[in-house]
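Structure record follows, encoded as structure tokens.
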Amino acid sequence: MLSPLTRRRFLQAATLAGAGQLASQAAAPPQPTSSTPAGRPLAIASGNGLQATARAMALIQQGADALDAVLAGVNLVEDDPNDHTVGLGGYPNEAGVVELDASVMHGPTGRGGAVAALQNIRNPSNVARLVMERTDHVLLVGAGALQFAKAHGFTEENLLTNAAREAWLKWKESLSAQDDWLPPHSIQTPDVGARRAPFARPYGTINCNALDQRGGISGCTTTSGLAFKIPGRVGDSPILGAGLWVDNEVGAAGSTGRGEANLLACSSVMVVEYMRQGLAPEAACLRACQRIVTQTKMRRLLDDQGRPKFNVSFYAFNKQGDFGGAAIWPGFKFAVNTGEAESRLVAGAHLY
Ligand code: ASP
């Protein structure tokens, strides 16, 4: 099925082709703007957030608070078994158990909440919100977070889909020829289980931030984290200041990518502080990327030119409605909805 974006491009192309304009249009595609008229609502997200930003904007246009809007948006992704980076269907930890991290911040009231290493609950973002609203704490983890969720009526379920389990099993069986887990093989195969090619460890997350009609800013970051992590590992997503930061007077920022690098640089709060100092969102995101690069000194994480072998991406907007994103490495896009049309993907800047 064509995605809404693809469908729209297809319809645009068909119309333009009819008018004989397709060639010139293809040569110079219109550049998306990086701001929304001041005071107009806005929703931005990581690249897997087209639907989430559309849902968030639809609610904001009905008068919703930005936090209700972003949570309704990210819940769509948490509920999607085909997105292996979040909620139901997320890739599990090393032991084959899905463990989720999430954080929320509500700008107008200056509050935040988070959960980490939460098992069996598909919408950790909603639990994070309850930590914010119904406890005197900010972060609950593991068994305590699960107990808290159950106290509020969340029901436990197995979040490990067959597709995610098979990916985990393949990873486990190809780790080493020295252990006892064997992938499918023939009787002739030598070194069964030895990794033949580098197995890319999948990352992925959704960060979604929005500005509502009353100027309220809120955000959420929710994830299953690094695939096949050590049980109990917590990434940047649920750590306020690292994976998410909102300041209602300045703007919002969030991140995806290698959480360990971001934890060592606390970058989302830095992006917001750079914007407070006057940097545009994209420039602020680029500076946060540079800060991570400067902080990364471990040789095993650097290529021959001393550049990080991993990526981290940031998404940000300011109170005026200017938005931008940047990553260490090229090729990333983020989702934007300014309320005038359907959500679109915008190319972010990059350091290298
Ligand atoms: N930042 C997330 C983490 O480290 C993963 C990701 O965004 O891909 O858990």
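So my numbering is basically just the index in the sequence shown, starting at one, shifted up by 1045. Using N, Cα and C, we set each Cβ at its ideal position, and we do this for glycine too.
Assuming Asn1382 contacts Met1102 (C-beta within less than 8 Å), just tell me the rounded distance between them. Here residue 1382 refers to the residue found at position 337 when the sequence shown is read from its first residue. Here residue 1102 refers to the residue found at position 57 when the sequence shown is read from its first residue. Correct: roughly 4 Å between the Cβ atoms.
For Trp1374, collect the residues of the same chain with a Cβ closer than 8 Å to its Cβ; drop the 5 residues on either side in sequence, then sort them by chain order. Walking along the sequence shown from the start, residue 1374 turns up at place 329. Cβ within range, chain order: Asn1356, His1395, Leu1396 and Tyr1397.
So for Glu1144, helix, strand or coil by DSSP? Counting from 1 along the sequence shown, the entry for residue 1144 is found at position 99. In this structure, Glu1144 counts as strand in the three-state DSSP scheme.
Let me check you understand the geometry: is the CB of Arg1246 closer than 7 Å to at least one non-hydrogen atom of ligand 1? What you label residue 1246 is simply residue 201 of the sequence shown in a count that begins at 1. Flag unset: Cβ of Arg1246 not near ligand 1.
Using 8 Å as the cut-off, can you tell me whether the stretch 1248-1265 makes contact with the stretch 1084-1091, which would need three or more C-beta pairs spanning the two stretches below that distance? yes
Whole-angstrom C-beta distance between Asp1124 and Arg1167, which should lie under 8 Å: Counting from one through the sequence shown, the residue named residue 1167 turns up at place 122. Counting from one through the sequence shown, the residue named residue 1124 turns up at place 79. Right, their Cβ atoms sit about 6 Å apart.
Closest by C-alpha distance to Tyr1136, when choosing among Gly1270, Ala1333 and Ala1099: Here residue 1136 corresponds to residue number 91 of the sequence shown, with the count starting at 1. For the residues Gly1270, Ala1333 and Ala1099, the minimum Cα distance to Tyr1136 belongs to Gly1270.
Taking C-beta to C-beta, are Asn1165 and Leu1116 nearer than 8 Å? In the sequence shown, counting from the first residue as 1, residue 1165 sits at position 120. In the sequence shown, counting from the first residue as 1, residue 1116 sits at position 71. Not closer than 8 Å, so no.
For the alpha helix (DSSP H) holding Ala1097, just list the boundary residues, first then last. Indexing the sequence shown from 1 puts residue 1097 at position 52. Counting along the chain, the alpha helix (DSSP H) containing Ala1097 begins and ends at Leu1095 to Gln1106.
Can you list the beta strand (DSSP E) stretches of 3 or more residues lying completely in the stretch 1109-1167, in chain order? 1144-1151 and 1156-1164
Any non-hydrogen atom of ligand 1 within 7 Å of Leu1271 CB: Your numbering for residue 1271 matches position 226 in the sequence shown. Indeed, a heavy atom of ligand 1 lies less than 7 Å from the Cβ.
List the DSSP bridge partners of Ala1298. For the purposes of this step, residue 1298 is taken as the residue at position 253 of the sequence shown. Paired residues: Trp1290 and Ala1361.
Pick helix, strand or coil for Ile1337, following the three-state DSSP scheme. Taking the sequence shown and counting its residues from 1, one reaches residue 1337 at position 292. Helix at Ile1337.
Just checking my contact of Ala1333 with Met1315 at CB under 8 Å: how many whole Å lie between their CB atoms? Within the sequence shown, residue 1333 is the residue found at index 288, counting from 1. Within the sequence shown, residue 1315 is the residue found at index 270, counting from 1. So it is a contact: roughly 5 Å between Cβ atoms.
Under DSSP, the alpha helix (DSSP H) around Val1186 begins and ends at which residues? Looking up residue 1186 in the sequence shown gives position 141. Not the alpha helix (DSSP H): Val1186 falls in the beta strand (DSSP E), residues Leu1184 to Val1186.
Between which two residues does the alpha helix (DSSP H) holding Gly1304 run? Here residue 1304 corresponds to residue number 259 of the sequence shown, with the count starting at 1. Its alpha helix (DSSP H) spans residues Gly1304 to Leu1308.
Terminal residues of the alpha helix (DSSP H) in which Leu1220 lies: Position 175 of the sequence shown holds residue 1220. Leu1220 -> no alpha helix (DSSP H), and no H or E assigned at all.
Is Asp1146 near ligand 1, with its Cβ less than 7 Å from a heavy atom? Locating residue 1146 in the sequence shown gives position 101, where the first residue counts as 1. Flag set: Cβ of Asp1146 near ligand 1.
Bridge partner(s) assigned by DSSP for Phe1379: Along the sequence shown, read from residue 1 onward, the residue named residue 1379 stands at position 334. Note: Phe1379 sits in a beta bridge opposite Ser1091 and Val1391.
Delimiting residues of the alpha helix (DSSP H) encompassing Ala1173: Along the sequence shown, one-based indexing puts residue 1173 at 128. Pro1169 to Arg1179 is the span of the alpha helix (DSSP H), which, as asked, contains Ala1173.
Could you pull out every residue in the same chain whose Cβ sits closer than 6 Å to the Cβ of Ala1272, ignoring the five residues on either side in sequence? One-based indexing of the sequence shown puts residue 1272 at position 227. Excluding residues within five positions, the ones whose Cβ falls inside 6 Å are Tyr1136, Arg1246 and Pro1247.
Closest residue to Thr1341 among Lys1354, Leu1390 and Leu1227 (Cα-Cα distance): One-based indexing of the sequence shown puts residue 1341 at position 296. Selected option, being the one with the closest Cα: Lys1354.
Nearest-angstrom Cα distance between Val1338 and Ser1300? As a working note, residue 1338 is residue 293 in the sequence shown. As a working note, residue 1300 is residue 255 in the sequence shown. Cα to Cα, Val1338 sits roughly 15 Å from Ser1300.
Could you tell me if the beta carbon of Asp1125 falls within a distance shorter than 7 Å of some heavy atom in ligand 1? In the sequence shown, counting from the first residue as 1, residue 1125 sits at position 80. Because no heavy atom of ligand 1 lies under 7 Å away, the Cβ of Asp1125 does not count as near it: no.
Go to Ser1269, then tell me how far its alpha helix (DSSP H) extends in each direction, as first and last residue. As a position in the sequence shown, residue 1269 is number 224, starting the count at 1. That residue, Ser1269, is in no alpha helix (DSSP H); it is neither H nor E in DSSP.
I'd like the span of the beta strand (DSSP E) that includes Phe1355, first residue to last. The count along the sequence shown starts at 1 and reaches residue 1355 at position 310. Note, Phe1355: premise wrong, no beta strand (DSSP E); not H, not E.
Please report the distance separating the alpha-carbon of Met1150 from that of Gly1134. The count along the sequence shown starts at 1 and reaches residue 1150 at position 105. The count along the sequence shown starts at 1 and reaches residue 1134 at position 89. For Met1150 and Gly1134, the distance between alpha carbons rounds to 25 Å.
With which residues is Ile1275 paired in a DSSP beta bridge? Residue mapping note: residue 1275 aligns to position 230 of the sequence shown, counting from 1. Answer is none; Ile1275 lacks a bridge partner.
Could you tell me the alpha carbon to alpha carbon distance between Ala1147 and Ala1190, rounded to whole angstroms? Locating residue 1147 in the sequence shown gives position 102, where the first residue counts as 1. Locating residue 1190 in the sequence shown gives position 145, where the first residue counts as 1. About 11 Å.
What residues match up with Asn1207 in a beta bridge as DSSP calls it? Indexing the sequence shown from 1 puts residue 1207 at position 162. According to DSSP, Asn1207 bridges with nothing at all.
Roughly how many angstroms lie between the CA atoms of Pro1074 and Leu1145, to the nearest whole one? Here residue 1074 corresponds to residue number 29 of the sequence shown, with the count starting at 1. Here residue 1145 corresponds to residue number 100 of the sequence shown, with the count starting at 1. Any reading at Pro1074 must be qualified, since the residue scores a pLDDT of 42, below 50, and its modelled position is unreliable; the value itself is stated next. If I take the Cα positions, the gap works out to 39 Å.
Taking DSSP as the reference, what is the three-state secondary structure of Cys1311? For the purposes of this step, residue 1311 is taken as residue 266 along the sequence shown, with counting starting at 1. Coil, per DSSP.
Under 6 Å Cβ to Cβ from Glu1201, same chain only, skipping five residues before and after it: list those, please. Translated into the one-based positions of the sequence shown, residue 1201 becomes position 156. Cβ within range, chain order: Asn1165.
Short check: CB of Leu1285 to CB of Gly1264, under 8 Å? What you label residue 1285 is simply residue 240 of the sequence shown in a count that begins at 1. What you label residue 1264 is simply residue 219 of the sequence shown in a count that begins at 1. Not in contact: Leu1285 and Gly1264 (Cβ atoms no closer than 8 Å).
Find the nearest neighbour of Thr1266 within the set Ala1208, Gly1323 and Gly1118, judged by alpha-carbon distance. Sequence index remark: in the sequence shown, residue 1266 carries index 221 (1-based). When only C-alpha atoms are compared, the closest one is Gly1118.
Is the distance from the Cβ of Ala1372 to the Cβ of Gly1393 below 8 Å? Reading the sequence shown from its first residue, position 327 is the one you call residue 1372. Reading the sequence shown from its first residue, position 348 is the one you call residue 1393. Yes, the Cβ-Cβ distance between Ala1372 and Gly1393 is below 8 Å.
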